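Each remark here refers to the structure printed beneath this line.
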DNA sequence: CTCATCTTGGACTGTTCGGTTCAAGATAGG
DNA sequence: CCTATCTTGAACCGAACAGTCCAAGATGAG
């Protein structure tokens with residue numbers, strides 16, 4: 125039972141991430157993480173660090189993984205902005221539809237807990253939300269949206285994406301989540317049609 | 125120090141509510157509640173019940189207090205629907221602007237924690253979100269909005285209201301929060317203009 | 001085969017958790 | 001003044017918490 129590492133780091137990190145994602149920082153004990161990852165307590169501390177740094181790693185992992193997908197979805201925004209933003213939200217909807225993953229969003233989960241989290245973790249969550257807005261801003265700029273509209277919609281769409289996370293936690297149907305998004309897409313479509 | 129009650133129940137409940145609201149269920153200990161309310165542990169248990177039922181009482185208190193304000197804001201929706209919905213969001217924005225109250229929203233806070241809360245609490249949070257949608261639906265119907273639009277906007281606006289809670293937790297500026305809302309109000313204004 | 005290296009499981013520490021119990025003592029009615 | 005009633009503070013309980021430590025033993029290099 126020793127010698128070389130007996131677990132897959134990627135699998136273990138995913139399991140820890142899912143656990144934090146589902147239950148949040150405070151409601152996740154190190155024993156929970158041990159059970160979820162299959163790793164013993166001492167292995168968690170030696171390989172994954174303490175609870176705080178593990179949470180930070182999970183947050184980065186989450187932000188990178190889905191950040192890449194959001195980027196990809198928005199990549200052809202200049203050609204078809206509406207289709208791109210629709211694809212952006214599809215990343216979220218598909219994630220929620222995946223039965224292997226918790227509802228909601230780890231970033232939203234973290235943001236709601238900011239007052240009781242370490243400053244380092246709080247800063248990372250804020251940074252992830254800023255990155256999401258920046259992503260949208262870049263895409264909307266490439267789509268030649270009016271300057272003021274770019275900033276407004278970037279902020280609005282990032283927020284609506286978070287609202288989908290909250291509503292999915294409360295058991296909203298896929299149809300309801302679609303509706304939330306479609307109203308915003310309607311507004312965006314209107315802005316795109318009237319761009320310079 | 126005994127004989128008749130030596131504390132104001134309303135003040136104590138408010139203090140407990142604010143504490144849950146700020147830190148969430150899991151990160152709030154009974155000792156925290158004791159400090160926040162100024163009540164001893166045994167007084168909390170005898171007068172306020174255990175942690176679960178106290179949380180439930182705080183949730184109801186929150187839902188009633190702000191539910192009434194949301195109702196009032198929407199009360200003249202038939203005359204000026206847009207102004208009414210703007211007033212609806214102002215309830216949220218004013219709450220967030222109040223330095224004596226935490227950012228965010230206790231309902232959103234609760235919804236995000238549903239997987240680790242008791243079924244009774246989870247049900248109450250879902251019920252509060254449903255009530256919010258019903259409120260908006262009633263108001264938009266009274267405003268003669270098109271039938272399909274009524275349901276869509278009720279779901280959308282309730283969700284956007286939750287998104288404001290998340291973003292305020294992450295330190296979004298009042299201006300950003302306004303922008304999130306204004307984009308939705310723009311969409312609503314468009315729908316109102318094209319009503320039958 | 002031998003042995004230094006490194007992972008692992010489990011025991012352990014001190015603290016905090018939610019919840020209960022109860023004696024001390026203040027109160028209000030008579 | 002007296003006494004039944006009720007609140008209160010603090011001690012207490014077992015469980016769970018985050019984090020540490022170390023012997024047992026598997027491994028791979030020589």
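Chains as they are written, first to last, in my numbering: chain A, 125 to 320; chain B, 125 to 320.
All residues carry an ideal CB built from backbone N, CA and C; glycine is no exception.
This structure is a prediction, so every number in the text was calculated from the model and none was measured.
- Residues of chain B whose Cβ lies closer than 7 Å to the Cβ of residue 277/A are, in chain order, 307.
- Just so you know, the alpha carbons of residue 140/B and residue 291/B end up roughly 23 Å apart.
- Put simply, the stretch 215 to 228 of chain A touches the stretch 280 to 298 of chain A. At least three CB pairs are less than 8 Å apart.
- When the alpha-carbon of residue 195/A is set against those of 255/A, 271/A and 313/A, the nearest one is in 255/A.
- Using a Cβ-Cβ distance cut-off of 8 Å, the stretch 304 to 320 of chain B and the stretch 273 to 287 of chain B are in contact, since at least three pairs of beta carbons, one from each stretch, lie closer than that value.
- Fewer than three beta-carbon pairs drawn from the stretch 165 to 177 of chain A and the stretch 224 to 235 of chain A are found closer than 8 Å, and the two stretches are therefore not classed as touching.
- For residue 271/A, no chain B residue has a C-beta closer than 7 Å to its own C-beta; the minimum C-beta separation is roughly 14 Å.
- Here the alpha carbons of residue 315/B and residue 207/A stand approximately 22 Å from one another.
- One thing to note: residue 269/B has its Cβ no nearer than 7 Å to the Cβ of residue 210/B.
- Contact of residue 223/B with chain A is not assigned, every C-beta pair being separated by 7 Å or more.
- Secondary structure at residue 204/B: coil, using DSSP grouped into helix, strand and coil.
- Judged by DSSP in its simplified three-state form, residue 261/A adopts helix.
- Three or more Cβ pairs closer than 8 Å define a contact, and the stretch 221 to 228 of chain B falls short of that threshold against the stretch 154 to 168 of chain B.
- Across the set 190/A, 262/A and 294/A, the C-alpha of 294/A shows the shortest separation from the C-alpha of residue 239/B.
- The continuous alpha helix (DSSP H) containing residue 179/B extends over residues 175 to 198.
- When the Cα atoms are used, residue 257/B and residue 204/B turn out to be separated by approximately 19 Å.
- The C-beta of residue 191/A comes no closer than 7 Å to any C-beta of chain B.
- At the C-beta level, residue 310/A and residue 311/B come within 7 Å of one another.
- A direct Cα-Cα distance of roughly 8 Å separates residue 156/A from residue 143/A.
- Listed along chain A, the residues sitting closer than 7 Å to residue 146/B by beta-carbon distance are 239.
- By the neighbour-count criterion, in which 16 or more other beta carbons inside 10 Å mark a residue as buried, residue 135/A falls on the exposed side.
- Residue 226/B reaches chain A at 239, counting residues in chain order whose Cβ is nearer than 9 Å.
- What residue 303/A touches in chain B, judged by beta-carbon distance under 8 Å, is 275, 276, 279 and 280, going in chain order.
- Residue 267/B and residue 277/B have their C-alpha atoms roughly 12 Å apart.
- The shortest C-alpha to C-alpha distance from residue 262/A to any of 279/A, 247/A, 246/A and 249/A is the one to 279/A.
- In the same chain as residue 313/A, and ignoring 5 residues on each side of it, the C-beta atoms closer than 6 Å to its own belong to 206, in chain order.
- When 7 Å is used as the limit between beta carbons, residue 150/B is near these residues of chain A: 148, 150 and 151, in chain order.
- Under the 7 Å criterion on CB atoms, residue 311/B is classed as interfacial with respect to chain A.
- What residue 139/B touches in chain A, judged by beta-carbon distance under 9 Å, is nothing: the nearest beta carbon there is about 16 Å away.
- When CB distances to chain B are screened at a threshold of 9 Å, the residues of the stretch 280 to 295 of chain A falling below it are 280, 281, 282, 283, 284, 285, 286, 287, 288, 289, 290, 291, 293, 294 and 295, in chain order.
- Around residue 250/B, the beta-carbon contacts reaching into chain A at under 7 Å are 294 and 295.
- Between residue 259/B and residue 183/B, the C-beta spacing is not below 7 Å.
- Residue 319/B sits in coil when the DSSP states are folded into three classes, being neither helix nor strand.
- In this structure, the beta-carbon distance from residue 186/A to residue 253/A does not fall below 7 Å.
- With a beta-carbon spacing of about 4 Å, residue 151/A and residue 150/B fall inside the 8 Å limit used to define contacts.
- In the displayed model, residue 242/A falls within coil according to three-state DSSP, outside both helix and strand.
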